[in-house]
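For reference, the structure is listed below as structure tokens.
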Amino acid sequence: MQPEQQASARDLTLLRQAIALSAESRISGRHPFAALVADENGKVIAAAGNNSMPPLGDPTQHAELAAAALAARALPHEQLSKCTLYTSAEPCCMCAGAIYWCNIGRVVYGLSEHKLLELTGAHPENPTLSLPCRHIFATGQRPVEVVGPLLEDEAAVPHRGFWQSNCGSS
4 MQPEQQASAR
14 DLTLLRQAIA
24 LSAESRISGR
34 HPFAALVADE
44 NGKVIAAAGN
54 NSMPPLGDPT
64 QHAELAAAAL
74 AARALPHEQL
84 SKCTLYTSAE
94 PCCMCAGAIY
104 WCNIGRVVYG
114 LSEHKLLELT
124 GAHPENPTLS
134 LPCRHIFATG
144 QRPVEVVGPL
154 LEDEAAVPHR
164 GFWQSNCGSS
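Per the numbering used here, the sequence shown runs over residues 4 to 173.
Quick look at the structure:
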């Protein structure tokens, strides 16, 4: 089954919200990533941009990790298993771990790690790890459904030109 066949109209709407938030992150001078967590009815529980950009950022504050942590404070552990994390780009291994430990049951993402690397190149502020989130989730003791990549062209827009500048903003 193709990822697009697993995605509902609601999934695409919420993923587009995450992509729009990633554009807002860029406009505010941050790395162009964002994520949100929605419950099984599509109600957004938490949303976050990326706050890992030097010199004041914390490299552990990726959007997915921050959104997962906010959701974990808002909902009981068992209810999080029915939630979906929507993210503008595929979660890195650190964020996949956070999603797993927060008990979020599903991930829908835009840009694949491979496409993101094409956009970022060897930029020192985004040293990618070629480790798909599906591989990380597959090593766990409970399933995490993954849908993506989806809407990659749309998700790439906030990144275009960002990583080619010397200071990380354009």
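Ideal Cβ placement from N, Cα and C applies to all residues, glycine included.
**Request:** Spell out a yes or no on whether the region 44 to 53 and the region 95 to 110 are touching, meaning 3 or more CB-CB pairs, one atom from each, closer than 8 Å.
**Result:** no
**Prompt:** Run through DSSP, which three-state label would residue 5 get?
**Reply:** Low confidence applies here, because residue 5 scores a pLDDT of 45, under 50, leaving its location unreliable and the question unanswered by this model.
**Prompt:** Taking the Cβ atom as the reference point for each residue, do residue 78 and residue 110 lie within a distance shorter than 9 Å?
**Reply:** no
**Asked** Between which two residues does the alpha helix (DSSP H) carrying residue 13 extend?
**Response** 12 to 30
**Prompt:** Around the C-beta of residue 17, are 16 or more other C-beta atoms found within 10 angstroms, so that it is buried, or is it exposed?
**Reply:** buried
**Cβ contact check for the region 113 to 123 and the region 58 to 72: 3 or more pairs under 8 Å** = no
**Message:** Here's a check: name, in chain order, each residue in its chain whose Cβ is nearer than 7 Å to the Cβ of residue 70, leaving out the five neighbours to either side.
**Reply:** 38, 39, 40, 49, 50, 51 and 88
**Item:** Per-residue DSSP class, three states only, for residue 125
**Value:** coil
**Asked** Under the three-state reduction of DSSP, which class applies to residue 109: helix, strand or coil?
**Response** strand
**Asked** Excluding five sequence neighbours on each side, which residues of the same chain lie with their C-beta closer than 8 Å to the C-beta of residue 42?
**Response** 48, 78, 82, 85 and 86
**Item:** Beta-carbon gap between residue 146 and residue 113 smaller than 9 Å
**Value:** no
**Request:** Determine the burial state of residue 132: buried for a count of at least 16 other Cβ atoms within 10 Å of its Cβ, exposed for fewer.
**Result:** exposed
**Prompt:** Which one of 33, 150 and 106 has the shortest CA to CA distance from residue 90?
**Reply:** 150
**Prompt:** Going by beta carbon distance, what residues of the same chain come within less than 6 Å of residue 35, once the five residues before and after it are set aside?
**Reply:** 25, 28, 29, 161, 162 and 165
**Request:** Sort 168, 33 and 139 by Cα distance to residue 95 and report the nearest one.
**Result:** 139
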